[in-house]
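Asker:
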Amino acid sequence: MAAKVASSPYARGGAPAARSRPPGPPGLPILGNLLGLARDPLAFYTDCAERYGDIVGMRLGGWPALLLNDPDDIESVLVKQHRSYVRNSFFWRHVTAVFGNGLLTSEGALWQRQRRLAAPAFTGPRLTRYGETMVAHTGAMLDTWKAGEIRDVHADMMVLTLRIAAESLFGAVVEEDVETIKRDGDAITREIAARFTRLFVIPDIVPLPGHLRYRRGIRRLEAIVARILRQRRADPEVHSDLLSNLMQARDETGQPMPDRQLRDEVLTMLLAGQETTALALTWSWYLIGQHPEVDARLGAEVEAVLGGRAPTIDDLPRLRYTGQVITEAMRLFPPAWALGREATVDCEIGGYPVPKGTTLFICPWILHRSARFFDEPAAFRPERWEGSLAKDLPRFAYLPFGGGPRICIGNRFALMEASLVLATVAQRFSLTWQASRPVIPLPSITLRPDGGVWVKLAARAGTPAGANRREARFQA
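For the sequence shown, the working numbering gives the first residue as 2, with consecutive numbering after it.
1) Taking all protein chains shown into account, decide if L105 is buried (16 or more other Cβ within 10 angstroms of its Cβ) or exposed.
2) Within its chain, find whatever has a CB closer than 6 angstroms to the CB of L368; leave out the 5 residues flanking it on each side and keep chain order.
3) Tell me the rounded alpha-carbon separation between P365 and A235.
4) Measure the CB-CB distance between W284 and V456 and report whether it falls below 8 angstroms.
5) Helix, strand or coil for K457, going by three-state DSSP, please let me know.
6) Distance, Cα to Cα, G14 vs W64?
7) Tell me the rounded alpha-carbon separation between V207 and F100.
8) Mapping DSSP to helix, strand and coil, what is R319?
9) Have a look at L32 and F45 and give me their C-alpha separation to the nearest angstrom.
10) Report the residue ranges of all alpha helix (DSSP H) runs contained in full by the segment 40–74; include only those spanning at least 4 residues, in chain order.
11) Are the Cβ atoms of A66 and M59 separated by less than 8 angstroms?
12) Taking all protein chains shown into account, decide if R461 is buried (16 or more other Cβ within 10 angstroms of its Cβ) or exposed.
13) Which residues bound the alpha helix (DSSP H) around R88?
14) What is the residue span of the alpha helix (DSSP H) that L29 lies within?
15) I'd like the list of long-range same chain contacts for S107, defined as Cβ closer than 7 angstroms, with 5 residues on each side in sequence excluded.
16) When burial is assigned at 16 or more other CB atoms within 10 Å of the CB, is R1 buried or exposed?
17) Along the chain, where does the beta strand (DSSP E) containing S245 start, and where does it finish?
18) Compute the beta-carbon to beta-carbon distance between R164 and V179, rounded to the nearest angstrom, for a pair I have assumed lies under 8 angstroms.
19) Among all the DSSP beta bridges, which residues are the ones paired with T433?
20) Measuring CB to CB, does A459 end up less than 8 angstroms from A148?
21) In the segment 217–275, which residue ranges form an unbroken alpha helix (DSSP H) of at least 4 residues, counting only runs that do not cross its ends?
22) According to the Cβ coordinates, are M270 and L230 closer than 8 angstroms?
23) So, L143 versus R429, is the Cβ gap smaller than 8 angstroms?
24) Quick test of the definition: if touching needs 3 or more C-beta pairs under 8 angstroms, does the segment 350–365 touch the segment 335–342?
25) Am I right that K183 and M159 are in contact with their C-beta atoms under 8 angstroms? What's the rounded C-beta distance?
26) Would you kindly work out how many angstroms separate the C-alpha atoms of N246 and A122, rounded to a whole number?
27) Quick check: what's the CA-CA separation for D376 versus E384?
28) At what residues does the alpha helix (DSSP H) containing L143 begin and finish?
29) For R264, does the count of other Cβ atoms within 10 angstroms reach 16, so buried, or fall short, so exposed?
30) Is Y353 helix, strand or coil when you go by DSSP?
31) Tell me, to the nearest whole angstrom, how far the beta carbon of P395 is from that of P72; I am working on the premise that it is less than 8 angstroms.
32) Using the DSSP secondary-structure output, state which residues sit across from C348 in a beta bridge.
33) Give the C-beta separation of G186 and L272 to the nearest angstrom, bearing in mind that I take them to be a contact with Cβ-Cβ under 8 angstroms.
34) Check whether the segment 295–311 touches the segment 417–434, counting contact only when three or more Cβ pairs, one atom from each stretch, lie closer than 8 angstroms.
35) Would D41 count as contacting chain B if we go by Cβ distances under 8 angstroms?
36) Assuming I56 and G411 form a contact by the criterion Cβ under 8 angstroms, report the distance between their Cβ atoms to the nearest whole angstrom.
This is the structure we're talking about:
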């Protein structure tokens, strides 16, 4: 691991207390730094970190902002002083029509209550049952693949993880809704990406083309959620999934969760809950498809551990390289590429005063690609995780799921799903990225590949057709 650099005047302990604002990029009148951010957020934040160091001062229109690039400062915000910061309203104000007061956006007592209700769905024996569902759906997808095909693996992973989330968390197979959710989810994501760079909020009721697509998409998704809730209420069978936890919950007065809150939670999990895994897998295939030596080692491990049978959750400790591939892909292309917080009181970070209302940005995209923490940071090297790197890193130098009390509730679910899907696919196919279809990262709420990730399928050498043996297939 590369040694951490601490020589900049604004790094740990270097900022004089008398200085009221850290260095940062010059901005324009009124707009501040919004124009640079709008052009290319990834390049803008990266350039800021390289030029100005661990604490960067910015302005987003009339809002003061800081970019934090030091793990100690990040730990202070996410853990040690987390009660002084909330999810950043400058950005989340753009998505209330989609996620409402769901787990992703809620705060305070409401968030704590919803988190407690959701937590059992992501722990214990339920994870084992989810593993069977994950492998079964992956096998069904692979039955439709053919050697020699060129496919958009991002589209495939989005559909696959949506089916898995719908069945695992809500007991609902939404085959007829998959294309609707995918299409409208894409439209909503693009509109949100555009809104993130606006100086002010334009009300949804204003009939801009993007607003019209956004509102239509939300209405169609709400109709799907309403049907899922109706079907569950009419179902006399006892279920033990996330949806049942939420519907059976009662407040201190004995009242059930309001329909609007149920809608917010289900829509949050359907859209945001499955996308992290889909993107981790998509970026994994993008990287594997350019590195035949990684593909060969992955295939060899899967064959050695599984011998042609379907993987199970019990195999994960032995599928070590498979897990390292996922870990490394999420280092280079973290689905949650940036985190935002807002100071609720006057604070101090790194010797600088932080006035109430200041927006704080934490960017895993920058941290994960820093030479301070990773040798050859731009290289895709899953084997870097074989030794003690994970233990030796500063605690918040690698944070693909965030950190602190608001760490992603589904992180274990996502990692298990990614490893099982990767192993199941690698049993039967090698995927080669098609360089004629360039990939452009699209930073919105998540980091998506604009235009997809196109790969060519080849049957895995030495693996018989149908190698997953169908034990894990679901019953008709």
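Don't be surprised by glycine CBs; every beta carbon is placed ideally from N, CA and C.
Answerer: This is what the structure gives:
1) buried
2) A398
3) 44 angstroms
4) no
5) strand
6) Confidence at G14 is low in this model, with a pLDDT of 43, below 50, so the placement of that residue is unreliable and no value is reported for it.
7) 20 angstroms
8) coil
9) 15 angstroms
10) 42–53
11) yes
12) buried
13) Segment Y86 to R88 is the beta strand (DSSP E) holding R88; no alpha helix (DSSP H) there.
14) Note, L29: premise wrong, no alpha helix (DSSP H); not H, not E.
15) Q115
16) An answer regarding residue 1 cannot be provided, because it is not within the stretch 2 to 477 covered by the chain.
17) Premise fails: S245 lies in the alpha helix (DSSP H), L243 to Q249, not in any beta strand (DSSP E).
18) 7 angstroms
19) K457
20) yes
21) 243–249
22) no
23) yes
24) yes
25) 6 angstroms
26) 8 angstroms
27) 12 angstroms
28) P126 to L143
29) buried
30) strand
31) 4 angstroms
32) V355
33) 6 angstroms
34) yes
35) Reference to chain B is not applicable here, since this structure consists of a single protein chain.
36) I56 to G411, Cβ: 31 angstroms. No contact.
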